[in-house]
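Residue numbers (the numbering used here): 3 to 237.
Set out below in structure tokens:
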């Protein structure tokens, strides 16, 4: 069976002008073979923000079945339904807080088990913090003092992740420095509106919902860090 992971640097329904699904949202949905898929929104990083949840439901509910994994209230019932889900979509927000709460509820291990289950197809997707979490580490502003390196990711895919690579001026140089100083492993800087798609832990494609958005491979070497712009398909 197949595990798809789609990590968006930014974009998707929450960034569109009218909060409707974008081509990245449609790409994520295209990856499931379920005839009537259940898509679960995971808004932990935004403290289960009600407006964010409403925008997800408005964007997705006319196309697929939806549910929301809430941890700030009603956690037991929400977690009990996870085994039914075909597509998980993790929202943006505070990566550190999300990982801490996931750890308290055992969700990290649960997501790892889904990714490793040979009997199950699953799509694990997310934007910003929700894209970062699947990797070993990432850049984050969760500590409240600029951009920091965070090495507490789930590690379902190897390497590190930097969202908002093109839209926040400090992200790209900080990410490069973190890799150069081994605070983060080599990885990918992903622009707003772009995403990296892995299949069973391996890079499958780079896609974007707008022209000019891309994915950039940063690789540590003895003499520094190389930056390679990867071929990115506009959807």
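Don't be surprised by glycine CBs; every beta carbon is placed ideally from N, CA and C. Computed from a predicted model, the values in this text were never measured in an experiment.
Consult DSSP for residue i and reduce its assignment to one of helix, strand or coil.
| i | result |
| --- | --- |
| residue 18 | coil |
| residue 62 | helix |
| residue 135 | coil |
| residue 234 | coil |
| residue 199 | strand |
Please report the straight-line C-alpha distance between residue i and residue j, rounded to a whole angstrom.
| i | j | result |
| --- | --- | --- |
| residue 163 | residue 190 | 5 Å |
| residue 236 | residue 28 | 13 Å |
| residue 169 | residue 12 | 9 Å |
| residue 87 | residue 151 | 31 Å |
| residue 119 | residue 3 | 8 Å |
| residue 210 | residue 92 | 18 Å |
| residue 160 | residue 228 | 18 Å |
| residue 222 | residue 204 | 19 Å |
| residue 233 | residue 132 | 23 Å |
| residue 206 | residue 198 | 8 Å |
| residue 167 | residue 69 | 30 Å |
| residue 89 | residue 71 | 12 Å |
Which residue comes first and which comes last in the beta strand (DSSP E) that contains residue i?
| i | result |
| --- | --- |
| residue 7 | 5 to 10 |
| residue 218 | 217 to 223 |
| residue 162 | 162 to 164 |
Might you give, ordered along the chain, the residues of its own chain that have their beta carbon closer than 8 Å to the beta carbon of residue i, omitting 5 neighbours on each side?
| i | result |
| --- | --- |
| residue 57 | 15, 16, 21 |
| residue 99 | 46, 47, 49, 144 |
| residue 187 | 138, 139, 160, 161, 162, 181, 222 |
Hey, could you find the ends of the alpha helix (DSSP H) residue i is sitting in?
| i | result |
| --- | --- |
| residue 154 | Residue 154 -> no alpha helix (DSSP H), and no H or E assigned at all. |
| residue 67 | It is not in any alpha helix (DSSP H) - residue 67 instead sits in the beta strand (DSSP E) that spans 67 to 70. |
For my contact list, residue i and residue j are in at a C-beta cut-off of 8 Å; report their separation, rounded to the angstrom.
| i | j | result |
| --- | --- | --- |
| residue 5 | residue 127 | Contact doesn't hold; Cβ gap of about 11 Å is too wide. |
| residue 77 | residue 107 | 6 Å |
Which same chain residues end up closer than 7 Å to residue i when comparing Cβ atoms and leaving out the 5 residues on each side of it in sequence?
| i | result |
| --- | --- |
| residue 176 | 141, 149 |
| residue 156 | 110, 113, 114, 135, 136 |
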